[in-house]
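As structure tokens, the structure follows; a few thoughts come after it.
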Amino acid sequence: MFQLDKPLPAINEDTAPYWEGTRAGELRAQRCADCAHLRFPPSILCPRCLSEHAEWQRLSGRGKIFTYIVVHRPQHPAFFSDAPYNVAIVELEEGLRTHTAIVGCANEDLRVGMPVEVVYEKIDDEVTLPKFKPVR
Amino acid sequence: MGTDDMKLRELRDKIAIAGIGLSRFGKLPGVSAMGFALEAAKRAMEDGGVARDDIDGVLVLMPPVMGEQHGWGSRVAAYLGITPAFCATMDMGGATPIGMIQTAAMLIHAGMCRTVLCTFGCQNNPQGVIPMLFGSQFSIPYGDIGAITFMAHVGRRQMHEHGVKSEHYGAIAVAFRNHAATNPQAQKRERFTLEDHQQSRLIVDPLRLLDCCLVTDGGGACIVTSTERARDLPQPLCVVKGFGQVHSSEVIRPWDDGRGGGSEAAETAYRMAGVGPRDIQVVQLYDGFTPLVMHELSAYGFCKPDEAGPFVAAGNLELGGRLPANTAGGLLSEGHLSGFGHIAEGVRQIRGTSHSQVPGCEISMITGYGGAPHEPPPTVAYTVAILGKG
Numbered sequence: 001m002f003q004l005d006k007p008l009p010a011i012n013e014d015t016a017p018y019w020e021g022t023r024a025g026e027l028r029a030q031r032c033a034d035c036a037h038l039r040f041p042p043s044i045l046c047p048r049c050l051s052e053h054a055e056w057q058r059l060s061g062r063g064k065i066f067t068y069i070v071v072h073r074p075q076h077p078a079f080f081s082d083a084p085y086n087v088a089i090v091e092l093e094e095g096l097r098t099h100t101a102i103v104g105c106a107n108e109d110l111r112v113g114m115p116v117e118v119v120y121e122k123i124d125d126e127v128t129l130p131k132f133k134p135v136r
Numbered sequence: 001m002g003t004d005d006m007k008l009r010e011l012r013d014k015i016a017i018a019g020i021g022l023s024r025f026g027k028l029p030g031v032s033a034m035g036f037a038l039e040a041a042k043r044a045m046e047d048g049g050v051a052r053d054d055i056d057g058v059l060v061l062m063p064p065v066m067g068e069q070h071g072w073g074s075r076v077a078a079y080l081g082i083t084p085a086f087c088a089t090m091d092m093g094g095a096t097p098i099g100m101i102q103t104a105a106m107l108i109h110a111g112m113c114r115t116v117l118c119t120f121g122c123q124n125n126p127q128g129v130i131p132m133l134f135g136s137q138f139s140i141p142y143g144d145i146g147a148i149t150f151m152a153h154v155g156r157r158q159m160h161e162h163g164v165k166s167e168h169y170g171a172i173a174v175a176f177r178n179h180a181a182t183n184p185q186a187q188k189r190e191r192f193t194l195e196d197h198q199q200s201r202l203i204v205d206p207l208r209l210l211d212c213c214l215v216t217d218g219g220g221a222c223i224v225t226s227t228e229r230a231r232d233l234p235q236p237l238c239v240v241k242g243f244g245q246v247h248s249s250e251v252i253r254p255w256d257d258g259r260g261g262g263s264e265a266a267e268t269a270y271r272m273a274g275v276g277p278r279d280i281q282v283v284q285l286y287d288g289f290t291p292l293v294m295h296e297l298s299a300y301g302f303c304k305p306d307e308a309g310p311f312v313a314a315g316n317l318e319l320g321g322r323l324p325a326n327t328a329g330g331l332l333s334e335g336h337l338s339g340f341g342h343i344a345e346g347v348r349q350i351r352g353t354s355h356s357q358v359p360g361c362e363i364s365m366i367t368g369y370g371g372a373p374h375e376p377p378p379t380v381a382y383t384v385a386i387l388g389k390g
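Laid out in structure tokens, this is it:
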């Protein structure tokens, strides 16, 4: 049968430290070395002060569900067999928001505000996707 | 920072939409995107009584399913036999048509062009083409793909923060379909009830099938010129009283700011036109998905965010309500012409020729929305224009 691979992140120089982090079991974000603004997604410059100097910082990996959806009719054929599946945006303790999936929880039980923590799903040698599970 | 309102007000009523045209549209897999763009352009010239050789500016919307097509605008102009003094392909999705009116106004005001054609065509087939993926590293790997997933997230937040219910979304969908029922060109004309909406299948929870716009092969166009020249043309005058545009990073704005993303676009348009939300007699809201309509109602000052659900449930968007909206059916029911349907209907309301005419309409608003929700932070453009009799 016709089978399509799921699209994986096209990692580049700007984002490589983030994906190195997930491989090592760490969720990372950049902190501006000049104005201390914490940012995600990765960028070569700070959207607040335009500084090009930043340091990668380890995040707590804890947060709350900001929003979630359940996809019944995927827009990409590679996800057809997964449906219905959830996608959430988690607001991390540090204030950043990230797209992810919630594991270890039935879609019907998902709630905005639910406390969650990061888990890592290894896809291949390069890509490890951060997902989140409810904090029991 | 911000707009120079004194200069903007000089433009009030000085620019007119002289011609509107829609191609055939619906499920028409055999026609090319170019074919639709040309057909719509021809219809707009015929409608406005504008000679091809009087057009010296051409703006063309980049169709979403074509990917990269360098020089698309110039090719459309060439097929129309036009040698433009200014030509551009514009790429803000559904915010583009009103953005084109803004651009045309600048070109005319600056003396770079006299009459500007704005056109668009889209062919979604052949079916089975994998949606273009833009290389997002942070959402697409989770299957969060396309405008619909983003709008479902927006809907979830509206439900959480403002008490919006699925039935409220249903009231929007029912109202727009009722309007489409009187529009002979509309792609979907069969009326449905709130119960039908609630029974329609979930596409991306919380959005149901009837919360989603149609998929449309087709095109639209309009012709923009000076009010002075438009007075000599056959159609009743429809002037541009005001317009505004703003680009917003949606990860933050519509959810954290009480007014929501896009409000500056309307505020600029109101200031330029010298009117406020209470003066708007009919509006064509960009309606890719019902939560977007809900969002626009508060962002553009028609009601408070917590009031938007009850506002639509009370039938206020229906003809005869406080704010008749999408009187041709909108993207939800007329068809997805990326906002050109909205322009055409906004102009018809001023001319007095709509199939769902608001009696004595002097001021009509149209809105646009589009951009790149596929790559965090989702970034979108909002456009607003206010039309009048002049």
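Protein chains in written order, with this note's numbering: chain A, 1 to 136; chain B, 1 to 390. Ideal Cβ placement from N, Cα and C applies to all residues, glycine included.
Let me know the secondary structure DSSP gives residue i once reduced to three states.
| i | result |
| --- | --- |
| B/I82 | coil |
| A/P42 | coil |
| B/N125 | coil |
| A/Q30 | strand |
| B/I350 | helix |
| A/P115 | strand |
| B/Q69 | coil |
| B/G99 | helix |
| A/N86 | strand |
| B/K14 | coil |
| B/M62 | coil |
| A/F66 | strand |
| B/S338 | coil |
Rounded to the nearest angstrom, what separates residue i and residue j at their Cα positions?
| i | j | result |
| --- | --- | --- |
| B/T149 | B/I140 | 10 Å |
| A/E55 | B/F302 | 45 Å |
| B/A77 | B/A41 | 10 Å |
| B/I145 | B/M151 | 11 Å |
| B/R191 | B/H179 | 9 Å |
| B/P359 | B/D47 | 22 Å |
| B/G315 | B/P236 | 31 Å |
| B/I203 | A/R39 | 32 Å |
| B/P184 | B/D217 | 17 Å |
| A/C105 | B/H336 | 37 Å |
| A/H99 | B/R229 | 51 Å |
| B/S166 | B/V293 | 13 Å |
| A/V135 | B/K188 | 46 Å |
| A/G63 | A/P7 | 26 Å |
| A/M114 | B/F243 | 42 Å |
| B/H162 | B/S74 | 46 Å |
| B/L28 | B/Q123 | 8 Å |
| A/L129 | A/G61 | 13 Å |
| B/A105 | A/A36 | 43 Å |
| B/L107 | B/S32 | 29 Å |
| B/Q198 | B/Y300 | 28 Å |
Output needed for residue i: all residues of its chain with C-beta closer than 6 Å, excluding positions within five of it in sequence on either side, in chain order.
| i | result |
| --- | --- |
| A/I138 | Nothing about residue 138 of chain A can be read from this structure; chain A reaches only from 1 to 136. |
| A/C32 | C46, S51 and A54 |
| B/I130 | Bear in mind that a pLDDT of 48 at B/I130, under 50, signals an unreliable position, so the model cannot answer this. |
| B/T3 | T268 |
| B/Y79 | L38 |
| B/R114 | D56 |
Counting only Cβ pairs nearer than 7 Å, list the residues of chain A close to residue i.
| i | result |
| --- | --- |
| B/G146 | Q75 |
| B/R156 | T67, Y68, I69 and V112 |
| B/A152 | I69 |
| B/H160 | V112 |
Can you name the residues of chain A whose CB is closer than 8 Å to the CB of residue i?
| i | result |
| --- | --- |
| B/V204 | I69, V70, V71, H72 and R73 |
| B/T149 | I69, V71, Q75 and V87 |
| B/Q198 | None at all; the shortest Cβ gap to chain A is about 15 Å. |
Which same chain residues, not among the five before or five after residue i, have their C-beta less than 7 Å away from its C-beta?
| i | result |
| --- | --- |
| B/W72 | V60, M62 and T89 |
| B/R231 | L237 |
| B/F176 | D287, N326, G329, G330, L332 and S333 |
Could you name the residues of chain A that residue i contacts, counting a contact when the two beta carbons are closer than 9 Å?
| i | result |
| --- | --- |
| B/G73 | The contacting residues do not exist; B/G73 stays about 28 Å from chain A at best. |
Measure how close the beta-carbons of residue i and residue j come, nearest whole angstrom, since I'm counting them as under 8 Å.
| i | j | result |
| --- | --- | --- |
| B/L317 | B/P310 | About 12 Å separates the two Cβ atoms, so there is no contact after all. |
| B/H247 | B/A147 | That belief does not hold up - the Cβ atoms of B/H247 and B/A147 are roughly 16 Å apart, past 8 Å. |
| B/T290 | B/D196 | Not confirmed; about 14 Å, so no contact. |
| B/Q281 | B/G99 | 24 Å between Cβ atoms; not a contact. |
| B/G346 | B/L387 | 5 Å |
| B/P206 | B/R157 | Wrong, their Cβ atoms sit about 10 Å apart, outside the cutoff. |
| A/I102 | A/F132 | 5 Å |
Using the beta-carbon of each residue, which ones in chain B are nearer than 7 Å to residue i?
| i | result |
| --- | --- |
| A/L129 | P141 |
| A/F79 | G143 |
Between which residues of its own chain and residue i is the CB-CB distance below 8 Å, once the five residues before and five after are set aside?
| i | result |
| --- | --- |
| A/D34 | C46, C49, S51 and H53 |
| A/Q57 | R28, A29, Q30, R31 and L38 |
| A/I123 | L8 and L129 |
Which bits of chain B does residue i rub up against, with CB to CB less than 8 Å?
| i | result |
| --- | --- |
| A/D82 | G143 |
| A/I11 | Q137 |
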